[in-house]
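Residue numbers (my numbering): 1 to 252.
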């Protein structure tokens, strides 16, 4: 998020400022971009420990990251509220949630919220396929249809709504599109995130005390573990295709 930090000169300036004010080690809490920056500082010899935190849950080295559970529950609460108004007015809703490069939040909130479909970056869904899902819900006698769309999907919620309007699609339901936006990143964290943050923070502190740097504190296979930052930045965490298939099964 800082263009200057992407340059070697900018990173050297950052290290100089850290040393100047007497900061002896840095704990970087964040996702892929933040941990890439952590790794660059580590390569320059600066003591860094990363902590896995991103609502996208796409960071290698942690099965679940700080912020995911809270964001998911916020999205789910909004989806539940929209389902009520959608049913009372017999409408279809396109609900856009965060996820520029990762569809985890959209997929999991869609499954948990009983959506008729999900659109995510990892698996392309055409406007025609979305229309079929909405029409299917109408033909089955449902009083609403709800499609959860990740912001990074090929067609976002606004683009899908525009497509249906321009092509005169008869969906059965009146259509509305809504974007949850930054509300997903705000508010007080839930209990799970508070506990996870405490555990990962304690692990990062322990790594500093031991003099172990260049690692990420994450949650793997039910345990707090560390992963070398070079592994974190050189690998991409994949979304489980079985979950996308499950969303499709539940929609039928």
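Even glycine gets a Cβ: it sits at the ideal position worked out from N, Cα and C. What you are looking at is a predicted structure, and each value in this text was computed from that prediction instead of being measured.
Boundaries (first-last residue) of the beta strand (DSSP E) holding residue i
i           : result
residue 228 : 223-228
residue 268 : With the chain covering only 1 through 252, there is no way to say anything about residue 268.
residue 176 : 174-179
residue 26  : 26-30
Alpha helix (DSSP H) segment containing residue i, residue limits
i           : result
residue 140 : No alpha helix (DSSP H) contains residue 140, which DSSP labels as neither H nor E.
residue 201 : 191-210
Nearest to residue i (by Cα), restricted to the options the options
i           : options              : result
residue 45  : 250, 62 and 14       : 14
residue 126 : 115, 155 and 108     : 155
residue 140 : 173, 71, 159 and 124 : 173
residue 36  : 230, 16 and 241      : 230
residue 83  : 220, 50, 61 and 109  : 109
residue 253 : 41, 26, 28 and 244   : This structure leaves residue 253 out entirely; the chain is present only between 1 and 252.
residue 51  : 26, 81, 85 and 72    : 26
residue 179 : 78, 64 and 193       : 78
residue 214 : 233, 220 and 197     : 233
residue 183 : 34, 55 and 16        : 55
residue 239 : 175, 1, 99 and 24    : 99
residue 120 : 197, 205, 96 and 194 : 96
Pairwise C-alpha distance: residue j and residue i
i           : j           : result
residue 130 : residue 147 : 8 angstroms
residue 136 : residue 143 : 12 angstroms
residue 209 : residue 87  : 56 angstroms
residue 249 : residue 150 : 19 angstroms
residue 70  : residue 123 : 25 angstroms
residue 162 : residue 132 : 16 angstroms
residue 18  : residue 75  : 37 angstroms
residue 91  : residue 21  : 58 angstroms
residue 243 : residue 3   : 36 angstroms
residue 157 : residue 145 : 14 angstroms
residue 62  : residue 48  : 17 angstroms
residue 189 : residue 73  : 10 angstroms
residue 201 : residue 64  : 15 angstroms
residue 216 : residue 203 : 9 angstroms
Cβ separation of residue i and residue j, assumed to be a contact under 8 angstroms, to the nearest whole Å
i           : j           : result
residue 134 : residue 116 : 7 angstroms
residue 59  : residue 252 : At roughly 32 angstroms, the Cβ-Cβ gap does not stay under 8 angstroms, so residue 59 and residue 252 are not in contact.
What are the complete alpha helix (DSSP H) segments, minimum 4 residues, inside the stretch 52-81?
-> Considered as a whole, the stretch 52-81 harbours no complete run of any alpha helix (DSSP H) with no fewer than 4 residues.
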